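For reference, the structure is listed below as C-alpha cells.
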Amino acid sequence: MRLSSRYPRGHLSKPPDLVQGTLDLLVLKMLTLEPLNGWTLSQRLRAVSNDVLQVSDGSLYPALHKLEQRGLIKADWRASEHNRRAKFYSLTRAGRRELERESANWYRLASAITHVIRLEEA
Amino acid sequence: MAVGRWLDVLRLRLRSLFLFRKVDAELDDEFSYHLDRLTEQHIARGLAPAVALNQAIAAMNGVLRYKEQCRDARGMHFIDDFRQDLRYAFRQIRKNPGLSAVIVVVLALATGGNTAIFSVARAALAPLAIPAADRTVMVWSENPARNWHQFPASMPDVRDWSASGIFASLAPFLTDGFNVRLPDRTERVEGVRATPDLFAVLAIPAARGRLLGAGDGQQAIVISDRLWRATFRSDPGVVGRSVPVDGVPRTIVGILPPTFPRFGREDIYAPLAPAALESGRGSRNFSVIGRLREGVSFEAAQHRMAEVSETLAKTYPGDDSGIGAVLQPVQDAYVQDASLLLDLLIATLACSLIVASANIASLLLARGVGRRRELAIRTALGGGRWRLTRQLITEHLLLAVVAGVFAVIPAWAGVRFIASYRLTELPNVDGANLNVSALAFNFLVASGAGLLCGIAPVWFAWRNDVNSALKASGTINPRSHQRLRKLFVVGQVAVTAILVIAGGVVLRSFIELVRQQPGYDASRVLTTRIALDPTQYPSPDRQAAFYSQLVGRVSRLPAVTAASVTRELPTSDDLHGGGLFLAGAPEVRAENVPIVLNTSVDPGYFRAMQIPLAEGRWFTAHDTKDGRLVVIVDRWTARKYWPNQTALGQRIKLGRTQPWLEIVGIVGDVEAPVLVRFLKGRIGQVYRPLAQDPYPAMSLVLRTNIDEAALIPAVRSSVRDLDPDQPIFQTETLSEARVAGRRVFGLVLSLLNGVACMALLLAAVGLYGTLAYDVRQRTPEFGLRISLGAEPMHLLTLVLRRGLLLVGTGVALGLLGAAVGIRLVSNALYGVRTSDPATLMVAVGLVGAAGAVATYVPARRATRISPVTALRSL
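Which chain is which? The protein sequence lines are A and B, in order. Using the numbering used here, read the first sequence as starting at 8 and increasing by one per residue. Using the numbering used here, read the second sequence as starting at 47 and increasing by one per residue.
Right, dumping it as C-alpha cells:
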C-alpha cells in the first residue's frame with residue numbers, strides 16, 4: 008500500500024516501513040468510533056485528516072483483510088445507507104488492545120523524533 | 047480473550063477453505079461496491095455517468111493486484127493453487143492417456159512386486175519369538191580337516207561344554223518321528239527329543255499345563271499348539287491325558303503357545319532316551335542350542351569354547367582331536383536355508399526395479415522435452431518457476447498416487463503366489479501378509495522416482511534461457527538430452543536382453559528336467575512311508591521281517607500288480623550317500639573318495655519300478671543275511687569305475703570299515719532329485735538287498751492298474767493289521783513325488799520369466815516412446831527434407847537405422863552381461879550349460895524382434911509426414 012500523493016497539497020512523504028504499520032493503526036482507530044466499510048473508511052480518513060491522509064482506491068482492502076485474518080477486526084455484511092449490501096468491519100477486543108499498544112508506540116516514536124528534530128544546532 | 051480470537055480466525059480460515067467460492071464472490075462484491083460508490087461520487091461532481099464510470103475504473107487501477115493481496119492475506123491460496131494444479135494435472139493426463147496408463151501400470155507393478163517380495167522376506171526373516179534371542183546360540187562341532195561344518199555333537203562333549211561356565215543353559219536335541227495312536231487312527235508326527243534344558247534355553251512358558259521337568263523320566267511329552275488344534279481339536283482336557291506314542295503310553299503334560307519357534311515341522315517334544323543320554327563321545331548325533339550367561343559376550347563365549355575344545359582334544363585324542371566348537375546365533379541358523387532363495391528373490395526385485403525405473407525415466411524424459419516449449423511460453427507469460435514446478439510435481443504425484451493404489455493388487459497377488467509354493471526353505475511363509483509399511487515405503491520410493499524423473503528434464507530445460515527455448519520452435523533436442531535418452535533405451539534393452547536370456551536358460555533347463563526320462567515308470571505307482579519305531583523293532587531282523595511280510599500282504603491286494611519297499615524313493619530329499627571303495631584299487635585319501643548314493647531295496651523293487659536290468663541278475667530270496675553280501679549298481683557307476691570291463695563280479699565296499707560287497711547286477715540309471723543334480727552333479731546309485739541291510743523306515747512302492755488313490759485305504763488296513771501302532775504317512779503317487787521336488791525350481795522359473803516378459807514389454811514401449819517423440823520433434827525437419835525432394839523411404843531408413851542401432855547396442859551389451867552371468871552360475875551349479883546357442887539365438891531374436899517392431903511404427907509415421915503441415919510448425 009502507499010499513501011497516494013494525488014493531491015500535492017500537504018502531502019507527506021514517509022519511509023515505507025513506517026507507512027505499513029501506521030495504516031493499520033489508523034484503520035483500527037477509525038473503527039473504534041463505529042463500524043465502517045472500506046469506502047466509508049477511506050473517505051472518513053481523508054476528511055478527518057484534512058486531505059492529508061489519502062489512500063488510493065482499493066489499496067485499503069488488503070490491509071483490512073490482513074487485520075481480519077489476525078483477528079483484530081471482524082466483518083459482517085449489512086445494508087449501507089443506500090440499502091446496498093456492503094462489508095462492514097468492526098473492532099474486536101483484541102483489536103482494541105492492539106490499538107492501545109500501537110498508539111502508545113506511536114506516541115513514543117513521534118515524541119522521540121520531534122525531540123531530535125528540535126535539537127538546537129550547536 | 048485469546049481463545050475467542052483464535053476461534054474467530056479459525057472460523058475464517060475454514061470458511062476460506064470450504065466455502066472458497068462464496069468467499070471469492072464476497073471479495074468481488076466488496077470491490078464492486080467500492081467502484082459503485084466512487085462512480086457515484088464522480089457523478090455527484092458533475093461528470094456524465096459513462097465518463098464517471100471510466101474515471102472510477104481508471105482510479106481503481108491495480109484492483110487485481112489488491113484482490114490477489116487479499117487472497118494472500120487469507121493464507122489459503124495454497125489450497126486454491128493446489129486445486130488448480132490438480133485440474134491441470136488431470137488435463138495433462140487426459141491428453142496423453144496411453145503414456146499415463148503405461149507409467150501407472152509400470153509403477154504399480156514395480157511397487158507391488160517389490161512389496162510382495164519384501165513382505166515374504168520380512169516374514170521369513172522375522173525375529174524368533176525368543177526372549178533375548180541374541181543370547182541364544184546354536185553350538186556346532188567343526189573339523190575343518192575332515193570338512194565337518196555345522197556338525198552335530200556327542201553327549202559327553204555337550205556335558206563338558208555345559209561345564210565351561212559360559213552357558214546359563216545348554217540343551218542337546220534330536221529330531222525324530224513319533225507314531226501317535228489316536229482313537230480312530232495312528233498318525234506320524236514329527237518332533238524333537240531333548241533334555242528339559244531345551245525349554246530353559248528358549249525361555250518361553252507353556253500356554254497350558256507345564257513344560258518337561260527334570261524329574262519327569264520318559265513319561266512326559268509336550269505338544270505344540272498346532273498339533274493341539276489340528277489333532278486334538280483344541281480340547282483343553284488334553285493336558286494330563288495319556289496317549290500311546292510308539293506303542294507306549296505317554297502323558298501330555300503341557301501345550302506350547304502358538305508363537306513357539308519351530309525349526310522344522312516338530313509338534314511333539316519328548317525326553318531323550320536313556321540310551322541316547324549314555325551315548326559315547328564319538329557318537330555325534332545331537333544338535334545343541336544354548337543360552338549364554340548374562341554378561342558373557344558372543345566373542346568371549348567363542349573364545350572360551352575354543353579353549354574348552356583344545357582341552358578336550360588333548361584329553362580325548364581319539365574322539366575329539368581336531369574338533370572345535372563354533373557358536374552360531376540362532377537367528378542366523380533359522381534363516382540359513384532361506385538365504386539362497388531370498389537372495390534370488392531380491393535379485394529379481396533389483397532387476398525389475400532397474401527395468402521399471404529406466405523405463406519410466408525415459409518415458410518421462412521424452413515427454414518433458416516435448417513440453418519445453420510450452421513451459422518456456424508460460425514462463426515468458428509470467429509463470430513463476432516455483433509455481434510451474436509445483437504443477438509438475440502435482441501431476442507426477444497424482445500418477446504416483448494412482449499407481450500406488452493399484453500396486454496393492456500385484457502386491458497381494460505376489461505374496462499369495464509365492465506362499466502357494468509352500469516352500470519349507472522359507473520359514474513363516476504361510477503367515478506372510480501384505481506388509482503395509484513395505485507398501486507405504488515402496489510407494490514413497492516410487493513416487494520419489496517418478497517425481498525426480500518428471501522434474502529433472504524440466505529443470506534441465508530451464509537452465510537454458512527461455513529465449514532460446516522459444517525460438518527453438520521445438521526442433522532442437524539438446525545433445526545432452528539425446529544422449530541421456532539413448533543411454534536409457536540402450537540400458538533398458540541390455541537389461542531386458544539379460545533377463546530374457548536368463549529366463550530362456552532357466553526355462554530350457556526346466557524343460558530338460560521335466561522331459562527327462564526318470565529311468566523308471568512313474569505312472570500308476572502309489573508310495574507311502576512307514577517308520578517302524580526302533581524300540582518296538584529293535585533288531586534289524588525284525589525290521590526286515592516286518593517289511594517282507596508287508597510286501598507279501600499288499601502284493602496280494604486286488605489291483606496291485608507289483609509291490610516293494612525301498613529305503614528312500616529316488617525323489618526323496620533325504621538320500622544317503624557313502625564313500626565308494628573299489629577292491630584292488632590303490633588307497634585313496636579321504637577327500638578324494640568318490641561318493642555314491644546307496645539305498646536298500648526288496649528284491650521286487652526293480653520290477654515294481656520298471657527299472658531295466660542291463661547285466662547280471664536281480665536280488666532273490668536267496669540273498670539273505672547269512673548269504674554272500676551282494677550289491678547292484680547302476681550303469682553310470684559301472685561305466686565310470688570299470689570302463690573297459692564288466693562290473694559284474696567286482697567287489698566294492700561302502701565305507702572304510704564296511705564289508706566287501708559283490709556286484710551281481712547292473713540296472714538302468716535313475717534320475718536323482720533336482721537339488722542333488724544341481725549341487726553335486728552326477729553321482730552313481732547302488733542298491734543292497736533289504737535282508738542284508740535293513741532299516742526301520744522305508745517307503746512302500748505299489749504298482750497298480752487302477753487309480754492310485756483308491757488303494758490307500760487297503761494299504762492302510764494292511765499295515766494296521768500287521769501292527770496297529772505303525773502309521774503310514776507321506777502318501778502320494780510317484781508322479782506327485784517327482785513334481786514336488788521341482789517346486790523351488792518352478793518358483794524361480796515363474797518369477798524370472800515373469801520379470802523377463804515385463805522387461806521385454808517395457809523395453810519395447812520405451813523404445814517406441816523415445817523414437818516416436820524423436821520423430822515428432824523432427825517433423826519440421828523431415829517435412830523440409832521431403833519438400834526438398836527426399837524420398838519417404840529414405841526417412842524410414844533414417845529412423846529405422848537409429849532405432850536398430852540402439853537395439854543392437856543394447857543386445858550386444860546384454861549378451862556380454864549374460865555370458866558373464868552364465869559363467870558365474872555354472873561355476874556354482876552343475877547341469878547349467880555354458881554355451882547354449884539355441885537359447886541365446888531365440889532370446890536375442892525375441893528382443894530384436896520387439897525392438898524392430900517398436901522402431902518400425904514411428905518410422906512408418908515419419909514417411910507419412912505431409913510437408914505442408916510439417917513446415918507450418920517451423
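Idealized CB from N, CA, C, for every residue including glycine. Note that this is a predicted model, so its numbers are computed, not measured.
- Listed in chain order, the positions of the segment 101-130 of chain B with a beta carbon within less than 7 Å of a beta carbon of chain A are A105, M106, G108, V109, Y112, Q115, C116, A119, R120, G121.
- The three-state reading of DSSP puts S97(A) in strand, counting E and B together.
- Within the same chain, A896, A900 come within 6 Å of A810(B) by CB-CB distance, once the 5 residues on both sides are set aside.
- A Cβ of chain B is located within less than 7 Å of the beta carbon of G78(A).
- Excluding its 5 nearest sequence neighbours in each direction, D83(A) has C-beta neighbours in its own chain below 7 Å: F95, listed in chain order.
- With contacts defined by Cβ atoms closer than 7 Å, I709(B) and L694(B) form a contacting pair.
- Shown here, Y593(B) sits in a helix according to DSSP, grouped into three states.
- Cα atoms of A755(B) and L572(B): separation of roughly 8 Å, rounded to the nearest angstrom.
- Within 7 Å of the CB of H72(A), the CB atoms of chain B belong to C116, A119, R120, in sequence order along the chain.
- Residue environment analysis places F665(B) among the buried positions, since at least 16 neighbouring C-beta atoms fall within 10 angstroms of its C-beta.
- Under the Cβ criterion of 7 Å, K94(A) is counted among the residues facing chain B.
- At a cut-off of 7 Å between C-beta atoms, P69(A) counts as an interface residue with respect to chain B.
- Under the three-state reduction of DSSP, I752(B) is assigned to coil, being neither helix nor strand.
- Assignment of alpha helix (DSSP H) within the segment 383-457 of chain B, counting only whole runs of 4 or more residues, yields 418-426 in chain order.
- A straight-line Cα-Cα distance of about 17 Å links A214(B) and A240(B).
- Counting along the chain, the unbroken beta strand (DSSP E) around L707(B) starts and ends at 707-713.
- Under a 10 Å Cβ-count criterion, Y114(A) is classified as exposed, with fewer than 16 other Cβ atoms of the shown protein chains found around its own Cβ.
- Sequence-distant partners of W682(B) (beyond 5 residues in either direction) whose C-beta falls short of 6 Å from its own C-beta, in its chain, are D715, G730.
- In this structure, Q589(B) places its C-beta atom within 7 Å of the C-beta atom of P742(B).
- In the DSSP annotation of this structure, the continuous segment of the beta strand (DSSP E) that includes R337(B) starts and ends at 333-338.
- Chain A has no Cβ within less than 7 Å of the Cβ of H88(B).
- Contact annotation for R91(A) against chain B: Y79 [CB-CB distance below 7 Å, chain order].
- With contacts defined by Cβ atoms closer than 7 Å, N644(B) and V732(B) form a contacting pair.
- With its beta carbon less than 7 Å from one in chain A, D54(B) belongs to the interface.
- If you draw a straight line from the Cα of A246(B) to the Cα of F332(B), it is about 17 Å long.
- Looking at the DSSP output, L851(B) bridges to nothing.
- Taking the beta carbon of T99(A) as reference, the chain B residues within 9 Å of it are G50, R51, D54, listed in sequence order.
- Between T885(B) and G549(B), the C-beta gap is not smaller than 7 Å, which leaves the two residues out of contact.
- Note on S833(B): under 16 other CB atoms within 10 angstroms of its CB, so exposed under the neighbour-count rule.
- At least one beta carbon of chain A lies nearer than 7 Å to the beta carbon of R83(B).
- Across the structure, G856(B) and R59(B) are spaced so that their CA atoms are roughly 57 Å apart.
- For L572(B), the enclosing beta strand (DSSP E) has its first and last residue at 571-577.
- Between I250(B) and R296(B), the beta carbon gap of about 22 Å keeps them out of contact (Cβ cut-off 8 Å).
- With respect to A889(B), V546(B) sits close: the two C-beta atoms are nearer than 7 Å.
- For M184(B), the uninterrupted beta strand (DSSP E) segment begins and ends at 182-189.
- Note on G812(B): 16 or more other CB atoms within 10 angstroms of its CB, so buried under the neighbour-count rule.
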